[in-house]
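What follows is a single structure, written as structure tokens, with notes after it.
In UniProt numbering, the protein residues as written are 1 to 358.
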């Protein structure tokens, strides 16, 4: 049998982003021989699509490694105790198609159903990788009309899918509609492309985005090995244009839920001018239970970061409450006891100190 390893015919860094995205693997049997799919992967794909572009595939070193586990289907996606595919009740909080209004001052608009890679742990697993989930022009107009009639909305967050998987003209048209609304003060884009398809961050795209400042970009990155030279260059293009960058990371069992990996990731992010923002505990989404570490594990990781990395490199560890309750920060407990006139506290090293209240 001929080897399937030559799936990357050319250096993916030299190809247009559309070409790289168009060569994404959608069937486990098409994975190269060195990354053979696990048993049951094909059955998983019938329920939850697979898509891995050649660039991200080139970063995977072996089956079971931290990047492989994020994108290759696993039979456990079809089992487990979690049964809700929309535990955050986004559908119930969607007054018009593709728009989620949970907090009074901001909305999320799911402009694109496409992703540079389909993450197996996605909290929108019901939508992930489905191009049909992208909004039509009429639906974008309806979302903008809703925001126009809601003066309390100050921020519009573009999500998906991945907004940057839209072609430049489509993206620009969507941004223009919301930027033109007088009470909208900021725009935000949530994207995985700088690390999963860095070729998407072209000079033309940066010029386009710069027109809409103040615009913020939050980059979804989960492992230090995702921060490659092309990813660093992509983030530099955005940062050099004056676009503030933040990170969103998901705490994933066996992938990044240890102190060493998380410290390396947060330091690397700060080095490339991406400010660590959120560390999300995985949501209680059907098909993702095997990615969920105990919350105490997350608190332990957070405790390890404090004092070991600069304060700017410490993200907020959050859970998103089922039923649409929103995000709640989780903090390690440093208070041992509260006595009259003073607190007894532990520092990041576990040493005990007395802190006077007056």
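Backbone N, C-alpha and C define an ideal beta-carbon position, used for all residues, glycine too.
State the DSSP-derived secondary structure class of residue i, mapped to helix, strand or coil.
{"i": "residue 260", "result": "helix"}
{"i": "residue 248", "result": "strand"}
{"i": "residue 356", "result": "strand"}
{"i": "residue 99", "result": "strand"}
{"i": "residue 276", "result": "strand"}
{"i": "residue 237", "result": "helix"}
{"i": "residue 269", "result": "helix"}
{"i": "residue 310", "result": "coil"}
{"i": "residue 208", "result": "helix"}
{"i": "residue 342", "result": "strand"}
{"i": "residue 23", "result": "coil"}
{"i": "residue 157", "result": "strand"}
{"i": "residue 7", "result": "Below a pLDDT of 50, predicted positions are generally treated as unreliable, and residue 7, at 41, falls in that range; the measurement from the model is reported next regardless. Correct three-state label for residue 7: helix."}
{"i": "residue 337", "result": "strand"}
{"i": "residue 359", "result": "Nothing can be reported for residue 359, as the shown portion of the chain is limited to 1 through 358."}
{"i": "residue 293", "result": "coil"}
{"i": "residue 203", "result": "helix"}
Nearest to residue i by CA position, among the options, is which residue?
{"i": "residue 46", "options": "53, 27, 33", "result": "27"}
{"i": "residue 205", "options": "243, 256, 305", "result": "243"}
{"i": "residue 259", "options": "184, 314, 42", "result": "314"}
{"i": "residue 349", "options": "219, 334, 89", "result": "334"}
{"i": "residue 254", "options": "66, 346, 109", "result": "66"}
{"i": "residue 251", "options": "354, 174, 221, 212", "result": "221"}
{"i": "residue 214", "options": "186, 228, 203", "result": "186"}
{"i": "residue 163", "options": "199, 278, 217, 312", "result": "217"}
{"i": "residue 279", "options": "170, 78, 269", "result": "269"}
{"i": "residue 18", "options": "165, 110, 144, 306", "result": "165"}
Excluding sequence positions up to five away, which residues of its chain have a Cβ less than 8 Å from the Cβ of residue i?
{"i": "residue 330", "result": "281, 295, 298, 299, 302, 317, 318, 319"}
{"i": "residue 49", "result": "26, 118, 128, 129, 130"}
Between residue i and the rest of its own chain, which residues show a CB-CB distance below 6 Å, the 5 nearest in sequence each way excluded?
{"i": "residue 122", "result": "128"}
{"i": "residue 130", "result": "113"}
Report all residues from its chain with a CB closer than 7 Å to the CB of residue i; omit the five preceding and five following residues, and keep chain order.
{"i": "residue 102", "result": "93, 324, 326"}
{"i": "residue 52", "result": "24, 25, 71, 117"}
{"i": "residue 201", "result": "193, 194, 234, 237, 238"}
{"i": "residue 355", "result": "342, 343, 345"}
{"i": "residue 309", "result": "263, 266, 267"}
Quick one: using the 10 Å Cβ neighbour count with 16 as the cut-off for buried, is residue i buried or exposed?
{"i": "residue 5", "result": "Per-residue confidence for residue 5 stands at a pLDDT of 43, beneath the threshold of 50, marking its modelled position as unreliable; the derived number appears in the next sentence. With fewer than 16 Cβ atoms within 10 Å of its Cβ, residue 5 is classed as exposed."}
{"i": "residue 39", "result": "exposed"}
{"i": "residue 347", "result": "exposed"}
{"i": "residue 136", "result": "exposed"}
{"i": "residue 276", "result": "buried"}
List the residues that DSSP assigns as beta-bridge partners of residue i.
{"i": "residue 218", "result": "190, 246"}
{"i": "residue 329", "result": "318"}
{"i": "residue 112", "result": "160"}
{"i": "residue 107", "result": "156"}
{"i": "residue 117", "result": "52"}
Nearer than 6 Å: is that true of the beta carbon of residue i relative to any heavy atom of the ligand COA?
{"i": "residue 337", "result": "The model depicted lacks the ligand COA and carries no ligand whatsoever."}
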